[in-house]
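Here the structure comes first, spelled out in C-alpha cells, and everything after it is commentary.
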Amino acid sequence: MKINIGVFFGGRSVEHEVSIISALQAIHAIDSNKYNVIPVYISKEGIFYTGEALLEIQNYEDMKTLLSRAKRISIVKDLKETLIFEYPPGILRNTALHRLDLAIPVVHGTNVEDGTLQGYLESIDIPYAGPDVLSSAIGMDKIIFKKVLKESGLPVLDYVWFYTKDWLKDSEAIYKKVEAQLKYPLIVKPANLGSSVGITPANNRTELEEAIELAGNFSKKILIEEMIVNLREINCSVLGDYEKARASVCEEPVSSVDILSYQDKYMGNSGKGMGGSLRRLPADIPAEMSNLIQDLAVKTFQTLGCDGVSRIDFLIETEKNEVYVNEINTIPGSLSFYLWEASGLSFSDLMEELIQLALKKQREREQLIFSYETNILSMHSKGSKGPKS
Ligand SMILES: Nc1ncnc2c1ncn2[C@@H]1O[C@H](COP(=O)(O)OP(=O)(O)O)[C@@H](O)[C@H]1O
Ligand SMILES: [Mg+2]
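Under the working numbering, read the sequence shown as residues 38 to 426, first letter to last.
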C-alpha cells in the first residue's frame, strides 16, 4: 500500500504566497510511483482545502475560482488512522476522501512555521516531516534564537531587545539602553516576522524612532543590533536530524539594495520563488570560510534540535573577516532544493530523505511513553479521597 502524504502549505502568514510556490515545487518532486501526494492548502483565514486544482500555480491567480473548485476539508483522528473528510459533512459525504499517513509542512512564517502547525499535527498524532514544535518556535523568534546560540557559544551579533509596549510607555529609557550598548548605524527588526518585512536601518535617534514604530506594527517584541556596513551574506542549508546532519554548498544571495528585500528574495529575475532569486552558487569564498560556515550551520541546526531541511543565513563583516549566524529558516523557501542540487542531491532525492527522516522520527516517538494506563479519576469512585490523600 502506498503511503499517503499530505503536503501542508499556505497559512495565516505574510509568507503565504511563498509557501504556495515552495509546496508546489516539493509536490512535483515527490516520487509519485512510491507515494500518493495530497495537497492540503490552508487559506489566509485558516480554512483547510484539498483537491487537484490546488496543484497548478496559475490557478492561484484567481483565488475565488480556485477555492470553488477545491474541497473544504476537516481532518479527523479515527481509532487507528487519520482521515480527511469533506466539510461540511452530509449524507453523500460520509466516506473519507483520503487516509493521511504522513504530513510534510511546507509553510513559512508566523502561525505555521513557528511550531503552531507542528503542534496541531502533534496533538492529534499525525507523523510529520521537518522540525518539531520547540525547534520551530526557537527558530522563528529572532531574540530567543540568539539567546540559545549565544549560550551554546555560537557567534551572534550583540543585541538589545524589548517589548513594543515598554517603548510606548517610556521610549527615552529604551533609547538610552540601546545607545549605551550599541553604536549607530543600527538595524531594527520585529522579533518574529520574515522576508525582511518591518526591518529598517537607523543612523540616528530620529531614524531609530521611526524604525521602532514600523517594527512595532508587526511584533510585540523588537530586536536591535548593530548594522554591519561591510557586509557579505552567505547561506547554507543543513539536512538531517539531531543525530546526523550534513551541510550543503554555500550560496551568496545578490541584492540590488542594502537590505535583501522581499522583491530580491522571491521575485528575482524569473519570479519563480527562491529558485529564481539572484545568487552566486556556490559562493565565491575561500574553502576555509566555507568549511567554517558549514560547520556553524550544522551546529546551529543541531543546537536547536532541527529535523529535515533548514537554511542558516550568515552575515560576514568583510574588513575583520568575522562570521555571525544571523538566522535560521527551519522550513526554507523552496526547501533549499537548489542548494542541494548544487551539492549533488536531486530535488526528488531530497524529498525522499525528508520522508525517511520523518518515518525515523515517528519510529522513535512510538518508543516513548506518553501516558500511563492508570486513571486517577477512576480511583475516585473506588473510595479514594482525591489527590490530597
Ligand atoms: N546586523 C545587520 N547588519 C547588516 N545588515 C543586516 C543585519 N541584519 C539583517 N541585515 C539585512 O537585512 C536582511 C533581513 O534581515 P533578516 O534578519 O535576515 O530578516 P528576515 O527574517 O526578514 O529575513 C538580511 O538579509 C540583511 O541583508
Ligand atoms: Mg533573512
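All C-beta atoms, glycine included, are put in the ideal place defined by N, C-alpha and C.
Opening and closing residue of the beta strand (DSSP E) in which residue i lies
i: residue 428; result: Examination of residue 428 is not possible in this model, given that the chain is present from 38 through 426 alone.
i: residue 335; result: That residue, residue 335, is in no beta strand (DSSP E); its alpha helix (DSSP H) goes 324-341.
i: residue 47; result: 40-47
i: residue 366; result: 359-366
i: residue 261; result: 258-263
i: residue 286; result: 282-290
Outcome for residue i when other beta-carbon atoms lying within 10 angstroms are tallied against a minimum of 16
i: residue 278; result: buried
i: residue 316; result: buried
i: residue 306; result: Low confidence applies to residue 306: its pLDDT is 43, below 50, so where it sits in the model is not reliable, and the reading given next is rough at best. When all chains shown are included, residue 306 counts as exposed.
i: residue 132; result: exposed
i: residue 168; result: buried
i: residue 394; result: buried
i: residue 310; result: At residue 310 the pLDDT is 49, less than 50, meaning the model places this residue with poor confidence; the figure from the coordinates comes in the next sentence. Classification for residue 310: buried.
i: residue 247; result: exposed
i: residue 290; result: buried
i: residue 412; result: exposed
i: residue 381; result: exposed
i: residue 143; result: buried
i: residue 410; result: exposed
i: residue 272; result: buried
i: residue 195; result: exposed
i: residue 146; result: buried
i: residue 102; result: exposed
i: residue 236; result: buried
i: residue 280; result: exposed
i: residue 348; result: buried
i: residue 129; result: exposed
i: residue 335; result: buried
i: residue 227; result: buried
i: residue 482; result: Outside the displayed span of the chain (38 to 426) sits residue 482, for which this structure offers no information.
i: residue 362; result: buried
i: residue 324; result: exposed
i: residue 266; result: exposed
i: residue 94; result: exposed
Contacting residues, own chain, Cβ-Cβ under 7 Å from residue i (five flanking each side not counted)
i: residue 190; result: none
i: residue 197; result: 214, 215, 218, 219, 261
i: residue 84; result: 109
i: residue 116; result: none
i: residue 53; result: 47, 81
i: residue 64; result: 44, 74, 76, 92
i: residue 203; result: 211
i: residue 249; result: 204, 225, 259
i: residue 242; result: 212
i: residue 339; result: 279, 282
is_contact[residue i, chain B] using C-beta, thresh 8 Å
i: residue 160; result: Annotation note: the requested chain B is absent from the structure, which comprises a single protein chain.
Sequence-distant residues of its chain with Cβ nearer than 6 Å to residue i (five each side left out)
i: residue 318; result: 288, 379
i: residue 244; result: none
i: residue 73; result: 39, 41
i: residue 308; result: Confidence at residue 308 is low in this model, with a pLDDT of 40, below 50, so its placement is unreliable and the value that follows should be read with caution. Around residue 308: no qualifying Cβ.
i: residue 140; result: 43, 45, 158, 163, 165
i: residue 230; result: 255
i: residue 138; result: 40, 41
i: residue 152; result: 170, 173, 174
Element boundaries [alpha helix (DSSP H), containing residue i]
i: residue 196; result: It is not in any alpha helix (DSSP H) - residue 196 instead sits in the beta strand (DSSP E) that spans 196-200.
i: residue 87; result: That residue, residue 87, is in no alpha helix (DSSP H); its beta strand (DSSP E) goes 85-87.
i: residue 375; result: 374-378
i: residue 397; result: 384-403
i: residue 16; result: This structure gives no information on residue 16, because the portion of the chain shown stretches from 38 to 426.
i: residue 60; result: 53-66
i: residue 250; result: 242-253
Contacting residues, own chain, Cβ-Cβ under 8 Å from residue i (five flanking each side not counted)
i: residue 187; result: 193
i: residue 155; result: 142, 165, 167, 168, 169, 170, 173
i: residue 185; result: 175, 340, 341
i: residue 2; result: No information on residue 2 is available, as it lies outside the stretch 38 to 426 that the chain covers here.
i: residue 161; result: 112, 114, 119
i: residue 321; result: 289
Q: Check each residue's C-beta against every heavy atom of ligand 2 and list, in chain order, those closer than 6 Å.
A: That gives 350, 364.
Q.
Please give the ranges of any alpha helix (DSSP H) in the region 151-238, keeping only runs that are unbroken, at least 4 residues long and fully inside the region.
A. Taken in chain order, the complete alpha helix (DSSP H) segments of 4 or more residues contained in the region 151-238 are 153-160, 170-177, 179-188, 201-206, 208-218.
**Q.** Ordered list of beta strand (DSSP E) runs contained in the region 77-111, each at least 3 residues
**A.** With a minimum length of 3 residues, the unbroken runs of beta strand (DSSP E) contained wholly in the region 77-111 fall at 85-87.
(Q) My parser needs the alpha helix (DSSP H) runs of 4 or more residues fully inside the region 109-138; what are they? (A) If we require 4 residues or more, the region 109-138 turns out to have no alpha helix (DSSP H) run fully inside it.
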